[in-house]
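Heads up: the sequence shown begins at 32 in this note's numbering, then just goes up one per residue.
C-beta atoms are modelled at their ideal positions from N, C-alpha and C, and glycine is treated no differently.
Reading through the structure tokens given below for one structure.
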Amino acid sequence: MLNVLTVFGTRPEAIKMAPLIAELERHPGKIRNRNCLTGQHKDMVAPLIELFGIRADYDLNLMRENQTLEHITVNVLQEVGRILREEKFDLLLVQGDTTTSMAAALAAFYAGVKIGHVEAGLRTFDKNHPYPEEANRRIIDAMADVFFAHSEKARGHLLREGIADSAIAVTGNTVIDALLDVSNRPYSFTGTPLETLPFGQKRIVLVTAHRRESFGGPFESLCKGLRELALRYRDEIVLVYPVHRNPNVRQVVNAVLAGIDNVVLTDPLEYMPLVHLMKNAYMVLSDSGGLQEEAPSLGKPVLVLRDVTERQEGVEAGTLKLVGTDTDRIVAEASRLLDDPDAYQAMATRANPYGDGTAAIKIVRRILDDAGAG
Numbered sequence: 032m033l034n035v036l037t038v039f040g041t042r043p044e045a046i047k048m049a050p051l052i053a054e055l056e057r058h059p060g061k062i063r064n065r066n067c068l069t070g071q072h073k074d075m076v077a078p079l080i081e082l083f084g085i086r087a088d089y090d091l092n093l094m095r096e097n098q099t100l101e102h103i104t105v106n107v108l109q110e111v112g113r114i115l116r117e118e119k120f121d122l123l124l125v126q127g128d129t130t131t132s133m134a135a136a137l138a139a140f141y142a143g144v145k146i147g148h149v150e151a152g153l154r155t156f157d158k159n160h161p162y163p164e165e166a167n168r169r170i171i172d173a174m175a176d177v178f179f180a181h182s183e184k185a186r187g188h189l190l191r192e193g194i195a196d197s198a199i200a201v202t203g204n205t206v207i208d209a210l211l212d213v214s215n216r217p218y219s220f221t222g223t224p225l226e227t228l229p230f231g232q233k234r235i236v237l238v239t240a241h242r243r244e245s246f247g248g249p250f251e252s253l254c255k256g257l258r259e260l261a262l263r264y265r266d267e268i269v270l271v272y273p274v275h276r277n278p279n280v281r282q283v284v285n286a287v288l289a290g291i292d293n294v295v296l297t298d299p300l301e302y303m304p305l306v307h308l309m310k311n312a313y314m315v316l317s318d319s320g321g322l323q324e325e326a327p328s329l330g331k332p333v334l335v336l337r338d339v340t341e342r343q344e345g346v347e348a349g350t351l352k353l354v355g356t357d358t359d360r361i362v363a364e365a366s367r368l369l370d371d372p373d374a375y376q377a378m379a380t381r382a383n384p385y386g387d388g389t390a391a392i393k394i395v396r397r398i399l400d401d402a403g404a405g
């Protein structure tokens with residue numbers, strides 16, 4: 032029996048780990064999986080635990096108001112280390128590039144437990160963009176033993192860093208597994224804050240933006256671009272922006288965008304309504320890594336509100352376009368997609384390079400093969 036500890040603490044991790052957890056638990060005679068929730072984004076993860084039916088075997092409950100990266104790192108390192116000392120595990124699985132994942136991987140490295148990195152090999156090659164994610168994922172990959180890369184490009188990054196080809200499995204991204212699952216479930220906006228949106232009458236533009244590296248002047252410029260876009264197309268679009276709870280985000284968003292009649296500012300949406308809003312949107316403007324991967328599966332062009340992206344496959348495939356945080360650039364590129372049907376279709380009809388919804392199956396198959404239990 033292979034003893035596996037799956038660690039996650041943020042909303043994106045929960046979404047991307049959910050299909051993998053479900054697949055691990057389809058092999059009860061071969062795998063004993065235990066789930067550890069760190070609580071890095073506790074309030075945002077709780078609805079996902081219910082949505083996906085995830086069992087919480089360990090809940091570290093580490094979230095604190097105005098928590099620092101140092102607080103998260105120290106406490107995850109100590110608490111995951113304690114779990115690894117108290118119970119024998121053969122493999123620790125972490126996802127992506129969060130501080131939870133980095134600290135949990137470090138705890139496993141110290142404990143001599145094998146590390147599997149889901150979504151390994153993402154790179155911008157700029158340690159400060161995104162911050163702290165680029166540094167986190169490089170640190171994880173320096174310690175990991177098996178690397179689940181979402182694409183051939185990610186595999187190439189790992190090979191150039193000296194990772195053995197035999198340690199890498201190209202699987203696609205588990206976020207597509209989760210997206211296809213949830214997008215096929217029935218959902219109605221009735222009784223929600225979004226029930227009055229003019230679906231079918233105006234084009235819905237979904238916006239998410241919250242990156243730390245944009246705080247300050249760049250984020251204000253970004254929001255001014257959104258304001259100008261909304262005012263220019265006041266009779267044609269509704270801009271829907273679920274606003275992150277970080278005060279650095281909320282203060283600027285409210286100052287620049289509140290009170291515009293075709294801008295809808297909401298609290299962060301749970302995953303189910305977010306997916307179905309994306310299905311009904313015309314396009315997406317976002318700095319989110321997850322949405323860069325998800326929206327193309329639903330045929331939605333993505334304008335990336337960052338200067339660099341680790342999702343270069345999407346840029347090369349034509350499903351994503353980098354526009355940064357410059358006010359004029361945001362307005363110009365969004366206007367092009369709103370005014371030019373050919374430009375819109377050129378992005379909307381491209382194949383998604385991030386997988387076909389079978390990533391979790393491929394990951395578990397590799398885990399079992401490595402354990403000699405395939």
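- If only uninterrupted beta strand (DSSP E) runs of at least 3 residues are considered, those enclosed by the stretch 287-351 are 294-297, 314-317 and 333-335.
- For residue 69, the secondary structure class from DSSP, reduced to helix, strand or coil, is coil.
- Here residue 269 is bridged, per DSSP, to 235.
- Residue pairing by DSSP places residue 147 opposite 124 and 177 in a beta bridge.
- Short of 7 Å from the beta carbon of residue 34, and not among the five residues preceding or following it, lie these beta carbons of its own chain, in chain order: 63, 119, 120 and 121.
- In the three-state DSSP reduction, residue 385 falls in the coil class, being neither helix nor strand.
- Going by C-alpha positions, residue 331 is about 8 Å away from residue 350.
- For residue 116, the secondary structure class from DSSP, reduced to helix, strand or coil, is helix.
- When DSSP reads this structure, residue 394 sits in no beta bridge, so it has no partner.
- The Cβ-Cβ distance between residue 322 and residue 314 does not fall below 9 Å.
- Cβ atoms of residue 172 and residue 151 come within 8 Å of each other, at about 6 Å.
- The Cβ-Cβ distance between residue 47 and residue 149 falls below 9 Å.
- With a 10 Å radius around the Cβ and a threshold of 16 neighbouring Cβ atoms, residue 404 comes out exposed.
- Distance from the CA of residue 125 to the CA of residue 181, rounded to the nearest whole angstrom, comes to 14 Å.
- Linking residue 329 to residue 346 through their CA atoms gives a straight-line distance of about 16 Å.
- Secondary structure of residue 153 (DSSP, three-state): coil.
- The shortest CA-to-CA distance from residue 259 to any of 44, 80, 91 and 365 is the one to 365.
- Cβ neighbours of residue 300 within its own chain (closer than 6 Å, five residues either side excluded): 273.
- The C-alpha of residue 253 is placed about 11 Å away from the C-alpha of residue 280.
- Counting along the chain, the unbroken alpha helix (DSSP H) around residue 137 starts and ends at 130-142.
- In chain order, 125, 146, 171 and 174 place their CB closer than 6 Å to the CB of residue 136, counting only its own chain and leaving out the 5 sequence neighbours on each side.
- The closest CA to that of residue 163, considering only 305, 245 and 232, is found on 245.
- A straight-line Cα-Cα distance of about 45 Å links residue 237 and residue 32.
- Here residue 376 is exposed: its Cβ has fewer than 16 other Cβ atoms, across all protein chains shown, within 10 Å.
- Secondary structure of residue 402 (DSSP, three-state): coil.
- Within the model, the alpha-carbon separation for residue 338 versus residue 251 is close to 15 Å.
- Excluding residues up to 5 positions away in sequence, 162 lie with their Cβ nearer than 6 Å to the Cβ of residue 243 in the same chain.
- Excluding five sequence positions before and after residue 261, the CB atoms of its chain that fall closer than 8 Å to its own CB belong to 268, 270, 288, 291, 293 and 294, given in chain order.
- Residue burial annotation: residue 185 is buried, with at least 16 other C-beta atoms found within 10 angstroms of its C-beta.
- Annotated three-state conformation of residue 63 is strand, per DSSP.
- Beta-bridge pairing by DSSP links residue 199 to 178.
- For residue 250, the enclosing alpha helix (DSSP H) starts and ends at 248-263.
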